[in-house]
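All you need for the working numbering is the position in the sequence shown, starting with 1, plus 21.
Just so it is clear, CB atoms sit at the ideal spot from N, CA and C, and this is done for glycine as well.
This report concerns only the one structure given below.
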Amino acid sequence: MEKAWWKESVVYQIYPRSFNDSNGDGVGDIKGITEKMDYLKELGVDVIWLSPVYKSPNDDNGYDISDYQAIMDEFGTMDDWDEMLKEIHDRGMKLIMDLVVNHSSDEHKWFIESRKSKDNPYRDYYIWRPGKNGQEPNNWTSFFSGSAWQYDEATNEYYLHLFSKKQPDLNWENPKLRKEVYDMITWWLDRGVDGLRMDVINLISKADGLPSVPGGKRYDWGGEFFMNGPRVHEYLQEMNREVLSKYDIMTVGECPGASTEDAAKYANLEGTELNMIFTFEHMDLDSGPGGKWDLKPWKLNDLKEVMTKWQKDLEGKGWNSLYLNNHDQPRMVSRFGNDKEYRVESAKMLGTFLHMMQGTPYIYQGEELGMTNVRFESLEDYNDIEIHNMYREKVIEGGQDHNKVMEAIYIKGRDNARTPMQWDDSENAGFTTGSPWLKVNPNYKEINAKNELDNPQSIFHYYQKLIQLRKANDIIVYGTYDLILEEHEQIYAYTRTLDDQTLLVVCNFTVEDADFELPAHIHFKSNQLLIRNYDVQNSEDISSMVLKPYEARVYLLK
Ligand code: TEU
Ligand code: CA
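Shown next as structure tokens:
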């Protein structure tokens with residue numbers, strides 16, 4: 022397989038608002054990130070992905086951009102950004118920026134112009150339609166509850182917004198808009214950026230005619246009409262030709278609703294579109310038919326099926342990204358592990374499970390500390406627009422039970438991931454000397470970076486080792502994946518194979534001991550225990566073993 026630096030890298034995602042506040046205003050900032058550069062270097066990550074730092078009214082915390090070529094005031098200045106980039110590069114690391122071009126803010130100058138009149142030169146930068154019979158142009162719902170259309174009095178038309186009404190969708194059918202986007206990307210790449218994470222990039226092409234979801238519902242989920250739409254590959258190939266292919270960068274597209282067939286096109290090995298995409302299939306395992314707030318327990322066998330499908334379907338066709346949490350998802354250890362009795366063990370197990378697969382692993386800030394979900398008593402303590410819109414729709418307008426909806430927020434809410442980074446056991450976890458924009462998780466006295474740096478057995482040091490192993494063993498990057506013990510109800514086990522070597526990865530996903538029997542088809546002369554989260558010795562006989570709760574072991578077999 023062709024080698025590439027972005028296949029061998031480990032990415033660390035920073036959510037700047039919650040990472041580190043340098044000036045005591047309660048909001049994380051760019052100088053704060055620069056202050057922590059040695060921490061990131063010590064962890065050993067290669068690439069930093071920064072969630073948006075551009076000028077924004079913060080309706081959706083920076084995912085609503087009002088100027089793509091300026092830094093948000095709260096986060097600092099362009100000089101701060103230049104300095105941060107230099108500090109990253111001086112340490113041999115790379116920086117990828119978030120590219121949010123499915124939509125802009127309604128405060129972007131393009132939209133301010135666009136809404137003025139039907140013949141404004143910027144009108145067609147956005148998607149405007151007249152109403153139908155006194156209602157919206159179609160019945161699509163937005164990701165953030167309610168209609169995906171907003172009526173605008175000035176011109177008596179509606180504009181499309183798949184997210185909040187302050188995030189109008191850009192009209193990619195307009196070549197002038199596309200050219201502006203490419204010029205903007207070029208401007209950033211010329212400043213020295215090493216890659217891009219592209220926000221909901223598979224939503225940029227909408228179905229011709231913007232048809233309503235059939236079935237006659239007033240509002241309905243219209244994903245089939247805007248996910249992986251008719252011209253999306255054409256647009257990405259154009260962007261690749263005009264811009265991306267001219268730089269040695271890495272690109273990852275966030276693609277809700279993409280199948281592995283879609284992924285094989287987006288992340289094709291010829292490199293005509295993107296390097297890799299984020300799938301959502303494993304993130305949907307604990308959602309019922311009603312969507313993300315419709316809670317359902319996930320099952321290990323479903324996880325096996327989904328992960329294995331992505332590993333095998335992209336084999337020889339595309340490259341995977343690997344993640345178990347990010348700024349939109351609950352904390353990994355609370356969701357797939359056990360954040361009570363086995364927090365440390367299960368966080369290490371999940372890290373092992375993920376980092377030994379084929380693909381580029383992404384660590385979300387605080388994951389390396391085993392940070393957990395949070396339960397705030399009051400709705401007012403939550404900040405996320407998705408949470409507040411959903412609560413209004415379900416409880417205030419829909420009359421559903423407050424406690425039931427709060428429970429869903431505790432399990433699925435995005436603010437679980439957005440509580441401030443826990444640096445030490447001082448007030449506000451060392452995140453700020455002021456009053457944090459979102460409350461700190463009360464468990465910071467126990468769970469914080471300082472404790473973990475001091476403790477050689479910590480999750481932090483375990484992640485450090487996972488990253489080092491990837492550097493020392495090609496098989497972890499390039500080996501072929503195969504699931505074993507398919508039917509086992511407690512253990513997720515798989516192999517990776519490269520030339521005459523086999524990597525054996527064994528993970529117990531439960532609180533009970535689990536019996537492991539090595540399948541007969543795996544042959545080897547010697548075995549070496551590469552990493553483990555319990556105190557076991559390198560044993561000669563691995564043909565059968567008993568795994569403790571959330572135990573993980575990785576053997577290199579030769
Ligand atoms: O997320 C898009 C997306 O599809 C989801 O992650 C979505 O936010 C989530 O499922 C809602 O439950 C991206 C960004 O990562 C997210 O932070 C933004 O809010 C969104 O796009 C709009 O830019
Ligand atoms: Ca600040």
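Item to check | 8 Å contact criterion, which Leu390 and Glu473 should meet: CB distance rounded | outcome: Within the sequence shown, numbered from 1, the residue matching residue 390 stands at position 369. Within the sequence shown, numbered from 1, the residue matching residue 473 stands at position 452. Contact flag correct, Cβ pair sits at about 6 Å.
Checklist entry - Asp334 CB to nearest chain B CB: under 7 Å? => result Included in the structure is just one protein chain, with no chain B present.
Checklist entry - Does the stretch 561-574 come close enough to the stretch 519-539 to have 3 or more Cβ pairs within less than 8 Å? => result yes
Checklist entry - Helix, strand or coil: how does DSSP classify Glu507 here? => result Here residue 507 is taken as the residue at index 486 of the sequence shown, counted from 1. Glu507: coil per DSSP, three-state reduction.
Checklist entry - Rounded to a whole number of angstroms, what is the C-alpha to C-alpha distance between Ile35 and Leu61? => result Looking up residue 35 in the sequence shown gives position 14. Looking up residue 61 in the sequence shown gives position 40. Their Cα atoms are separated by approximately 10 Å.
Next on the checklist: As an exercise, report each continuous beta strand (DSSP E) stretch of at least 3 residues that is fully enclosed by the stretch 232-291, in chain order.
Outcome noted: 271-275
Next on the checklist: Assuming the contact rule is C-beta atoms closer than 8 Å, Ser168 and Asp85 should be a hit. Round their C-beta distance to whole Å, please.
Outcome noted: For the purposes of this step, residue 168 is taken as residue 147 along the sequence shown, with counting starting at 1. For the purposes of this step, residue 85 is taken as residue 64 along the sequence shown, with counting starting at 1. Not a contact, Cβ separation roughly 18 Å.
Item to check | Buried versus exposed, by CB contacts within 10 Å (16 or more), Gln156 | outcome: Position 135 of the sequence shown, counted from the start, is the residue given in the question as residue 156. With fewer than 16 other Cβ atoms within 10 Å, it is exposed.
Checklist entry - Of all the options Asn41, Asp67, Arg435, which has the alpha carbon lying nearest to the alpha carbon of Gly216? => result Against the sequence shown, residue 216 aligns to sequence position 195. Measuring from the Cα of Gly216, the nearest candidate turns out to be Asp67.
Checklist entry - When DSSP builds the beta bridges, which residues end up paired with Glu548? => result Here residue 548 refers to the residue found at position 527 when the sequence shown is read from its first residue. In the sequence as presented, Glu is not what sits at residue 548; that position holds Asn. In DSSP, Asn548 forms a bridge with Leu578.
Checklist entry - Which residue comes first and which comes last in the beta strand (DSSP E) that contains Phe481? => result On the sequence shown, position 460 is the one that residue 481 refers to. Here Phe481 belongs to no beta strand (DSSP E); instead the alpha helix (DSSP H) covers 480-493.
Next on the checklist: Is any non-hydrogen atom of ligand 1 found closer than 6 Å to the C-beta of Pro235, if you look at the structure I gave you?
Outcome noted: Position 214 of the sequence shown, counting from 1, holds the residue named residue 235. Because no heavy atom of ligand 1 lies under 6 Å away, the Cβ of Pro235 does not count as near it: no.
Item to check | Integer-rounded CB distance, given that Val395 should sit under 8 Å from Thr453 | outcome: In the sequence shown, the residue the question calls residue 453 occupies position 432. In the sequence shown, the residue the question calls residue 395 occupies position 374. Actually they are not in contact, since the Cβ atoms of Thr453 and Val395 sit about 17 Å apart, beyond 8 Å.
Next on the checklist: Using the Cβ count rule (16 or more neighbours within 10 Å means buried), how would you classify Val253?
Outcome noted: Sequence index remark: in the sequence shown, residue 253 carries index 232 (1-based). The residue is buried, with at least 16 neighbouring Cβ atoms inside 10 Å.
Item to check | Euclidean distance between Cα positions of Phe246 and Tyr143 | outcome: As a position in the sequence shown, residue 246 is number 225, starting the count at 1. As a position in the sequence shown, residue 143 is number 122, starting the count at 1. For Phe246 and Tyr143, the distance between alpha carbons rounds to 24 Å.
Next on the checklist: Tell me the rounded alpha-carbon separation between Arg239 and Asn160.
Outcome noted: For the purposes of this step, residue 239 is taken as residue 218 along the sequence shown, with counting starting at 1. For the purposes of this step, residue 160 is taken as residue 139 along the sequence shown, with counting starting at 1. So the alpha carbons of these two residues sit roughly 6 Å apart.
Next on the checklist: Applying the 10 Å Cβ sphere with the 16-neighbour rule, what's the burial state of Pro20?
Outcome noted: What the structure shows of the chain is the stretch from 22 to 579, and residue 20 is not part of that stretch, so it cannot be assessed.
Item to check | Proximity test, Asn44 beta-carbon vs ligand 2 heavy atom, cut-off 6 Å | outcome: Position 23 of the sequence shown, counted from the first residue, corresponds to residue 44. Yes.
Item to check | Alpha-carbon to alpha-carbon, Leu400 and Met427 | outcome: Looking up residue 427 in the sequence shown gives position 406. Looking up residue 400 in the sequence shown gives position 379. Taking the straight line from one Cα to the other gives about 8 Å.
Checklist entry - Would DSSP call His110 helix, strand or coil? => result Translated into positions along the sequence shown, residue 110 becomes position 89. His110 falls in the helix class under three-state DSSP.
Checklist entry - Given Tyr515, which residues of its chain have a CB within under 7 Å of its CB, disregarding the five upstream and five downstream residues? => result For the purposes of this step, residue 515 is taken as the residue at position 494 of the sequence shown. Around Tyr515: Tyr502, Asp503, Leu504, Ile505, Val526.
Next on the checklist: If the criterion is Cβ atoms closer than 7 Å, does the pair Arg588 and Asn404 meet it?
Outcome noted: Residue 588 falls outside the range modelled here, since the chain spans only 22 to 579, and no answer is possible.
Checklist entry - DSSP three-state call for Ala228: helix, strand or coil? => result Counting from one through the sequence shown, the residue named residue 228 turns up at place 207. If DSSP states are grouped into helix, strand and coil, Ala228 belongs with coil.
Checklist entry - Among the residues of its own chain, which have a CB less than 7 Å from the CB of Val365, if the five just before and after it don't count? => result Along the sequence shown, one-based indexing puts residue 365 at 344. Excluding sequence neighbours, Val365 sits near Gly391, Ile480.
Next on the checklist: Using a 10 Å radius around the Cβ and a threshold of 16 neighbouring Cβ atoms, would you call Met99 buried or exposed?
Outcome noted: Stepping through the sequence shown from its first residue, residue 99 is reached at position 78. Under this definition Met99 is an exposed residue.
Next on the checklist: Using a Cβ-based criterion (distance less than 6 Å to any ligand heavy atom), does Val461 qualify as near ligand 2?
Outcome noted: In the sequence shown, the residue the question calls residue 461 occupies position 440. No - ligand 2 has no heavy atom lying nearer than 6 Å to the Cβ of Val461.
Next on the checklist: Below 8 Å on the Cβ atoms is my contact criterion, and I expect Gly451 with Trp444 to pass it. Report the Cβ-Cβ distance as a whole number of Å.
Outcome noted: On the sequence shown, position 430 is the one that residue 451 refers to. On the sequence shown, position 423 is the one that residue 444 refers to. Right, the Cβ-Cβ distance comes to about 3 Å (below 8 Å), so this counts as a contact.
Next on the checklist: Using 8 Å for Cβ pairs, my map puts Val327 next to His303. What's the rounded Cβ distance?
Outcome noted: Walking along the sequence shown from the start, residue 327 turns up at place 306. Walking along the sequence shown from the start, residue 303 turns up at place 282. Going by Cβ atoms, the distance from Val327 to His303 rounds to 5 Å, so yes, they are a contact pair.
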